[in-house]
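These notes concern the structure reproduced below.
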Amino acid sequence: MKKVLLIVAIVIAGFVSKAQQLPMYSQYMMNGFLLNPAMAGSFDYSPIRITARTQWTGIELAPQTFAISGHTLMNNKKVGLGGYIYSDDFGPATRTGIQGSFAYHLTVDRFNSKLSFGLSMSGYQYVLHEDLLNLIDDNDPSISYGKEVRFLPDATFGTYLYNSQYFVGFAATQLFEFKVDIGDGTTDENKMVRHMYLTAGYKFNLGEKMELEPSFLMKMAKSAPMQFDFNLKAYYQKNYWFGISYRTKDAAIAMLGVKVEQYYIGYAFDYSLSNIRSYNNGTHEIILGINLGEGATKGSSLL
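Here the sequence shown stands for residues 0 to 302, numbered as in numbering that gives the first Met the number 0.
See below:
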């Protein structure tokens, strides 16, 4: 029964739904580059991050995501370059993508605030394993019960205003809004609709050892409900952090992590608040990282 429920839920909420077409991350605060190409080169070091996410454990064929990303600031201190590779499995479908990003950074005030503009070009491969579909009509001639593969190019634009105390960012993804030709033709439901992200945060210094960082993320997609993430993250001695998040109508999240020299490790647990909570044991996400370059061992930083 769980498999039947999962297949129906994943196809509707994962591959078809406009609200869930892109990978979901809980620890994006530790790697905002996954959402916004304008963040490429926004640090005085080069971060490399590996993220592994297993969603809705206890349910067969539940979503799983794996991502590797990295970005760096060039010697002229104005141009940032980055890359991102990921695989997102959700039920009978798999989306694998590769992305290259360019960003340009400008200093805008005497407080060393910077404004950056970023553009990324990407390619995605969709694979639909039709043999994993639970079908009402087993004789549907449009279903071959094999594997359908589609490849699509796409682009993302972003802008990012930041300094050591605050950040404000905006990004628009899936700019081309192509359709995925699956089965016997395309429909509006197969369209890769534009997603927009608005995020902001501020860091408060609470003495010499503690820092508190509230932030939020607003996610928007055409014909889908607006969704918010409200986050609160605390740093201790710049080497340890813990935090909580609330994703509206979806999940409550707890996270923690540690930094040793230039190495990072973080963990997050999502507790489902939606109707699917009765069928799963939560979501686990791990992020591993290393910072390279002269500023690699410095303290905590926003995103």
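Where is the CB? At the ideal position from N, CA and C, for every residue including glycine.
- Y125 sits close to L151, with the two beta carbons spaced by under 9 Å.
- Secondary structure note for D228: its beta strand (DSSP E) is the uninterrupted segment 226-235.
- Check the Cα spacing between E210 and each of Y234, A220, G200: the tightest is with Y234.
- Looking from the CA of M29, the closest CA among N279, T282, K221, L255 belongs to L255.
- Looking at the backbone, the Cα of P224 and that of S271 are separated by about 18 Å.
- Taking each of G265, Q164, R94 in turn and checking the Cα distance to L21, the smallest one comes out for R94.
- In this structure, S244 and S25 form a Cβ contact; the two beta carbons are roughly 7 Å apart against a cut-off of 8 Å.
- Leaving aside the five residues that flank G294 on each side, the residues in its chain whose CB is nearer than 6 Å to its CB run, in chain order, D43, Y44.
- Sixteen is the threshold: since fewer than 16 other Cβ atoms of the shown chains lie within 10 Å of the Cβ of N74, the residue is exposed.
- Going by DSSP, K202 is part of no beta strand (DSSP E) at all; its letter is neither H nor E.
- Taking 4 residues as the shortest admissible run, the region 34-117 contains no complete alpha helix (DSSP H) segment at all.
- For I58, the closest of L287, G281, I252, Q98 by C-alpha to C-alpha distance is G281.
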